[in-house]
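Taking it in order: structure first as structure tokens, then the write-up.
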Amino acid sequence: MTDGETMSPIGQPPAESVAWRIDTNSFELTDHAEWSSHSHPDQHELLWDARGTLTAETDDGYFAVPGSLGLWIPAGTSHRVAAAPGTSFRCTFIDAGITAVATRTTAVAIPEVVRAVLDRLEAPPYLSTAPRIHAEELALSLLEPVEVSTIDLPLPRDTRTRLVAEALLSEPSDDRSLEDWGRHVGASARNLSRLFVSETGLSFSTWRTRARMRRAIEWLAADYTVAHVSRRSGYATPSAFVQAFRRELGRTPGEFASVRSDAAKKSA
């Protein structure tokens, strides 16, 4: 699977002429996969049933998709999706002519009945027109937007600052100073500092903190402990991590987990 590759359906439409307004694809990934920023002008997209680390970035923020919830991406919304090795997930495309669940990217609770209906829509013997339309509308009517934590993290464009940014996203515990990074990428600390502000609107320090929070959301969504996430995010103590998390996201990691738990109950 290559960068920018289009997600293609695994199911085939029935022999009779029935318009499929909802179509679901399944993915089982051995290696890292990434779909560069793209949009679907005529289709909404629902990412769900994730096992592993699945993330999506849109103008509405950066989202980690937990297995208990789905992520609704409205038609025409530019989005970038990445999945870690060993991740599996499902992707449902919905005709834009169907009323949108939400007008912006948002997490949604997916009750078991919705999962069952989406499965049935893909399984032979395929439904004829009238029952299929009814099933499609039922599935969408039962999706419920829920609140999740997101974080806005603009990426710099300059080659040197981009190298620093990508390195920090890969290893957020890296605590090298701007002077150290400058020697690594061939730029002065002053120039790197200026570039971070001009290209992201954030100071280097603030950008690095948000990069750590961005990865922390992924790991918390994958049910790692706060102690584990704090170490991987570059914090000396869990308490320091909790304070930083609360400053950036308005809630503690424990409250983040509680919101996810409450949302997951709606999917049960």
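Quick note: the sequence shown uses the numbering used here, first residue 2, plus one each step.
Beta carbons are placed, not taken as given, at the ideal position from N, Cα and C, and that holds for glycine.
Go through its chain and collect everything with a Cβ distance to Pro-239's Cβ below 8 Å, but skip five positions before and after it. Mapped onto the sequence shown, residue 239 falls at position 238. Taking C-beta separations shorter than 8 Å and ignoring five residues to either side along the sequence, the partners of Pro-239 in its chain run Val-227, Ala-228, Ser-231, following chain order.
Residues near Ala-222 by beta carbon distance below 6 Å, same chain, minus five either side: Here the question's residue 222 lines up with position 221 in the sequence shown. For Ala-222, where only same-chain residues beyond five positions count, the Cβ hits under 6 Å are Ala-65, Pro-67.
If we ignore side chains and look at the alpha-carbon of each, how far apart do Tyr-63 and Leu-154 end up? Stepping through the sequence shown from its first residue, residue 63 is reached at position 62. Stepping through the sequence shown from its first residue, residue 154 is reached at position 153. Tyr-63 and Leu-154: Cα-Cα distance of roughly 8 Å.
Output the distance between the C-alpha atoms of Asp-159 and Asp-50, rounded to the nearest integer angstrom. On the sequence shown, position 158 is the one that residue 159 refers to. On the sequence shown, position 49 is the one that residue 50 refers to. Going by C-alpha positions, Asp-159 is about 36 Å away from Asp-50.
Rounded distance between the beta-carbons of Glu-200 and Pro-157, thought under 8 Å: Sequence index remark: in the sequence shown, residue 157 carries index 156 (1-based). Sequence index remark: in the sequence shown, residue 200 carries index 199 (1-based). The beta carbons of Pro-157 and Glu-200 sit about 4 Å from each other, so the pair counts as a contact at 8 Å.
For Leu-196, the nearest candidate out of Val-165, Arg-248, Ser-171, Leu-170 (CA to CA): Here residue 196 refers to the residue found at position 195 when the sequence shown is read from its first residue. The option with the nearest alpha carbon to Leu-196 is Val-165.
Report the residue from Ala-101, Phe-90, Arg-52 whose alpha carbon sits nearest the alpha carbon of Trp-73. Counting from one through the sequence shown, the residue named residue 73 turns up at place 72. If we check each option's Cα against that of Trp-73, Ala-101 comes out closest.
Rounded to the nearest angstrom, what separates Phe-90 and Arg-191 at their Cα positions? As a working mapping, residue 90 is identified with position 89 in the sequence shown. As a working mapping, residue 191 is identified with position 190 in the sequence shown. Distance between Phe-90 and Arg-191, taken at the CA atoms: about 43 Å.
Kindly indicate which three-state DSSP category Leu-48 falls into: helix, strand or coil? For this step, residue 48 is matched to residue 47 along the sequence shown. Reduced to three states, the DSSP call for Leu-48 is strand.
Sequence-distant residues of its chain with Cβ nearer than 7 Å to Pro-42 (five each side left out): For the purposes of this step, residue 42 is taken as the residue at position 41 of the sequence shown. Same-chain partners within the cutoff: Ala-76, Gly-77.
Glu-219: first and last residue of the uninterrupted beta strand (DSSP E) it sits in: For the purposes of this step, residue 219 is taken as the residue at position 218 of the sequence shown. Run containing Glu-219: none in the beta strand (DSSP E); it sits in the alpha helix (DSSP H), 205-222.
Find out if the Cβ-Cβ distance for the pair Leu-143, Pro-112 is shorter than 8 Å. The residue given as residue 143 occupies position 142 in the sequence shown. The residue given as residue 112 occupies position 111 in the sequence shown. Yes, they are a contact pair.
Alpha carbon to alpha carbon, how far is Pro-86 from Ser-206? Give it in angstroms, no decimals. By 1-based counting over the sequence shown, the position of residue 206 is 205. By 1-based counting over the sequence shown, the position of residue 86 is 85. Near 30 Å, if we compare the C-alpha coordinates of Pro-86 and Ser-206.
Between the Cα of Glu-35 and those of Glu-256, His-45, Thr-56, Val-147, spot the shortest distance and give me the residue it belongs to. For the purposes of this step, residue 35 is taken as the residue at position 34 of the sequence shown. Looking at Glu-256, His-45, Thr-56, Val-147, the one whose alpha-carbon comes closest to that of Glu-35 is Thr-56.
Less than 8 Å between the C-beta atoms of Arg-163 and Leu-193, yes or no? Translated into the one-based positions of the sequence shown, residue 163 becomes position 162. Translated into the one-based positions of the sequence shown, residue 193 becomes position 192. No, Cβ-Cβ distance for Arg-163 and Leu-193 is not below 8 Å.
Alpha-carbon spacing of Pro-254 relative to Ile-152, whole angstroms: Sequence index remark: in the sequence shown, residue 254 carries index 253 (1-based). Sequence index remark: in the sequence shown, residue 152 carries index 151 (1-based). Straight across, the Cα-Cα distance linking Pro-254 with Ile-152 is about 14 Å.
Cα-Cα separation between Ala-20 and Leu-141, rounded to whole angstroms: Looking up residue 20 in the sequence shown gives position 19. Looking up residue 141 in the sequence shown gives position 140. As the crow flies, the alpha-carbon of Ala-20 is around 17 Å from that of Leu-141.
Endpoints, the beta strand (DSSP E) within which Val-198 is located: Indexing the sequence shown from 1 puts residue 198 at position 197. Taken as a continuous stretch (DSSP letters only), Val-198 belongs to no beta strand (DSSP E), being part of the alpha helix (DSSP H) at 190-201.
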